[in-house]
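Undergrad:
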Amino acid sequence: MKYGIETISMYVPRYGMDLRVLSEARNVDYKKYQQGIGQEFMAVPSPDEDVVTMGANAAQQAIEGIDTNSIRTVIFATESGVDQSKSAAIYVHKLLNLPENCRTVEMKQACCSSTSAVHFALATVALKPDQKVLVIASDIARYGLESAGEPTQGAGAVAMIISAHPRIMEIDSDVGYFTKDVMDFWRPNYLDEALVDGKYSIKVYMDALDHCWKNYQETTDAHFNDFHHFCYHLPFSRMGTKAHLHLARHQKASLASKELQQQIEPSLRYNRITGNAYTASLYVGLLSLLDSKELNLTNKRVGFFSYGSGCMGAFFGGTVLPGYDRFLNTSERVAWLRDRKHLSYDEYVKFYNHALPQNGHSYRTSRNRTGSFRLAGVENHQRIYESVPANVGAASHSEKALAAAPVS
Ligand code: CAA
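Numbering (the numbering used here), first residue to last: -18 to 389.
1. Tell me the DSSP secondary structure of H227 in three-state form.
2. Taking the alpha helix (DSSP H) that L268 belongs to, which residues open and close that run?
3. V25 and Y(-4): beta carbons closer than 9 angstroms?
4. With H, G and I counted as helix, E and B as strand and the rest as coil, what does DSSP make of E367?
5. Work out the CA separation of N361 and A140 for me, nearest whole Å.
6. Can you tell me whether K12 is helix, strand or coil according to DSSP?
7. Does DSSP put M164 in a helix, a strand or coil?
8. Please report the residue range of the alpha helix (DSSP H) in which Y(-16) lies.
9. Less than 9 angstroms separating the beta-carbons of A138 and Y14?
10. Per DSSP, which residues does R282 bridge with? Please list them.
11. Say the cut is 8 angstroms; is the CB of M(-2) nearer than that to a heavy atom of the ligand CAA?
12. What does the alpha-carbon distance come out to for the pair S262 and M35?
13. To the nearest angstrom, report how far apart N334 and D173 are at their CA atoms.
14. Alpha carbon to alpha carbon, how far is A145 from M(-18)? Give it in angstroms, no decimals.
15. A258: which of D191, T59, G358 and F297 sits nearest, CA to CA?
16. Using 8 angstroms as the threshold, is the stretch 242 to 257 in touch with the stretch 266 to 280, meaning 3 or more CB pairs across them?
17. Along the chain, where does the alpha helix (DSSP H) containing I254 start, and where does it finish?
18. Counting along the chain, where does the beta strand (DSSP E) carrying K113 start and finish?
19. Any chance the CB of V139 is under 8 angstroms from a heavy atom of the ligand CAA?
20. So what does L356 bridge to, in DSSP terms?
21. So the beta strand (DSSP E) Y(-4) belongs to, where does it begin and stop?
22. Heavy atom of the ligand CAA less than 8 angstroms from the Cβ of R230, yes or no?
23. Run through DSSP, which three-state label would Q65 get?
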């Protein structure tokens, strides 16, 4: 029996900023962003979006055509959760009107919990092949204004139905793991921005890759050349290139650098124009690869490296299934990314500085361009979510109204 991804979809905010604008504001050579870290545009969530609304928007597409009565588990992976107790999965469960007899849970281990969610989901469907699991990865990557991490910010969500009837990708059960207690990147409860030791985090990422690959090889006897393409966790796109060249060098792969680049480049395209989305980032990379129209990926093997600071890593493989491209909404995704509103620097700072009241008093968020769900506000310490009627949603919202909308 095959287990893997039956459907996959993505949501990114309808706003973003061209990094040329940031480079001007920060007086940094744009080439540092574009070539040095490999980023050109970053997704910016509006004040009425959070990981719940982004996750629900991605999941709404992933469950299209799926009998929701078969979804018995929803796993929500995030490191920008909205509550210390209640799982984001419950909010999504309600917004999508999923059946009552369902297990809902949130998972955390930095950017890597999405991969553990996928593997827990695979184990669930292997035990109960008539059930499906909805896995959601949703995050807002936020660093300090003027910090080194600022140009790597981004946001987005990926949702997948994991089942015993995969149509996109079969995922292997073998995984190479690595865990070590390090402080490369973390976010204490009292901070909205992550703390990061940037250079150290890159070193630890590479160490974790080496250990995971070694453990994977010990488990499977796999070789570098068994894989046609690779997807890496992408805190910024150049990290994927660096990681791939590093692994190839360590494996003494005999491929020319152009061939190595072809193994990785298709998975980097979306990250370059969305930025980091923590838990979702690896799977945004997978969608970027799958949406590459010039490639026929049928039966191609893909190697995945998932990394979560703190730190944990996982290396595993999957095989793209025949007809996969019929189950992807590639043109809609490309159009969505193309049509995003470009923020000016001042608009970006306004969105960045928006914060919900810390006292839980009644508060209404300004209405901005969103997907089908938005955060309407807060009442009595409770977040209020709402569906956006189709004629009020993204398509009909005027840019003039946006410019006038209060964001604080
Ligand atoms: N033209 C072209 N390239 C230029 C340039 C220019 N004018 N100026 C600089 N560069 C190059 C540099 O040579 C460097 O290239 P190499 O990596 O090949 O040496 C690259 O641009 C970056 O320059 P710096 O190292 O000087 O950049 P920085 O100190 O400003 O910070 C960073 C880079 C550490 C990645 C920072 O963006 C950061 O802290 N990011 C957040 C942390 C992060 O993403 N860590 C990754 C691993 S942890 C993880 O993966 C989990 C996660 O999601 C966060």
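Every residue gets a Cβ at the ideal spot worked out from N, C-alpha and C, and that includes glycine.
TA: Considering the structure as presented:
1. Translated into the one-based positions of the sequence shown, residue 227 becomes position 246. H227: helix per DSSP, three-state reduction.
2. Along the sequence shown, read from residue 1 onward, the residue named residue 268 stands at position 287. Run containing L268: S262 to L271, per the alpha helix (DSSP H) assignment.
3. To locate residue 25, count along the sequence shown from 1; it is residue 44. To locate residue -4, count along the sequence shown from 1; it is residue 15. Cβ atoms of V25 and Y(-4): closer than 9 angstroms.
4. Looking up residue 367 in the sequence shown gives position 386. E367: strand per DSSP, three-state reduction.
5. Residue numbering aside, residue 140 sits at position 159 when the sequence shown is read from its first letter. Residue numbering aside, residue 361 sits at position 380 when the sequence shown is read from its first letter. The alpha-carbon atoms of A140 and N361 are separated by roughly 30 angstroms.
6. For this step, residue 12 is matched to residue 31 along the sequence shown. Correct three-state label for K12: helix.
7. What you label residue 164 is simply residue 183 of the sequence shown in a count that begins at 1. DSSP, reduced to helix, strand and coil, places M164 outside both helices and strands of the structure shown, so it counts as coil.
8. Numbered from its first residue, the sequence shown carries residue -16 at position 3. Run containing Y(-16): none; DSSP gives neither H nor E here.
9. Taking the sequence shown and counting its residues from 1, one reaches residue 138 at position 157. Taking the sequence shown and counting its residues from 1, one reaches residue 14 at position 33. No, they are not a contact pair.
10. For this step, residue 282 is matched to residue 301 along the sequence shown. DSSP, once it has assigned bridges, lists T300 as partnering R282.
11. For the purposes of this step, residue -2 is identified with residue 17 of the sequence shown, where counting begins at 1. False, no ligand heavy atom lies under 8 angstroms from that Cβ.
12. Stepping through the sequence shown from its first residue, residue 262 is reached at position 281. Stepping through the sequence shown from its first residue, residue 35 is reached at position 54. M35 has its alpha-carbon roughly 14 angstroms from the corresponding atom of S262.
13. As a first step, residue 334 is located in the sequence shown; it is residue number 353 there, counting from the start. As a first step, residue 173 is located in the sequence shown; it is residue number 192 there, counting from the start. So the two alpha carbons sit approximately 11 angstroms from each other.
14. As a working note, residue -18 is residue 1 in the sequence shown. As a working note, residue 145 is residue 164 in the sequence shown. Cα to Cα, the separation comes out at about 7 angstroms.
15. Within the sequence shown, residue 258 is the residue found at index 277, counting from 1. Among D191, T59, G358 and F297, the Cα nearest to that of A258 belongs to T59.
16. Three or more beta-carbon pairs separated by less than 8 angstroms link the stretch 242 to 257 to the stretch 266 to 280, which places the two stretches in contact.
17. Your numbering for residue 254 matches position 273 in the sequence shown. Going by DSSP, I254 is part of the alpha helix (DSSP H) stretching over R250 to T255.
18. Position 132 of the sequence shown holds residue 113. K113 to A122 is the span of the beta strand (DSSP E), which, as asked, contains K113.
19. Translated into the one-based positions of the sequence shown, residue 139 becomes position 158. V139 Cβ: outside cutoff for every heavy atom of the ligand CAA.
20. For this step, residue 356 is matched to residue 375 along the sequence shown. DSSP output for L356 lists Y366 as bridge partner(s).
21. In the sequence shown, residue -4 corresponds to position 15, counting from 1. Here the beta strand (DSSP E) through Y(-4) covers Y(-4) to D(-1).
22. In the sequence shown, residue 230 corresponds to position 249, counting from 1. No; taking the cut-off as 8 angstroms, the Cβ of R230 has no heavy atom of the ligand CAA nearer than that.
23. Start at 1 with the first residue of the sequence shown, and residue 65 comes out as number 84. Note: Q65 maps to coil in three-state DSSP.
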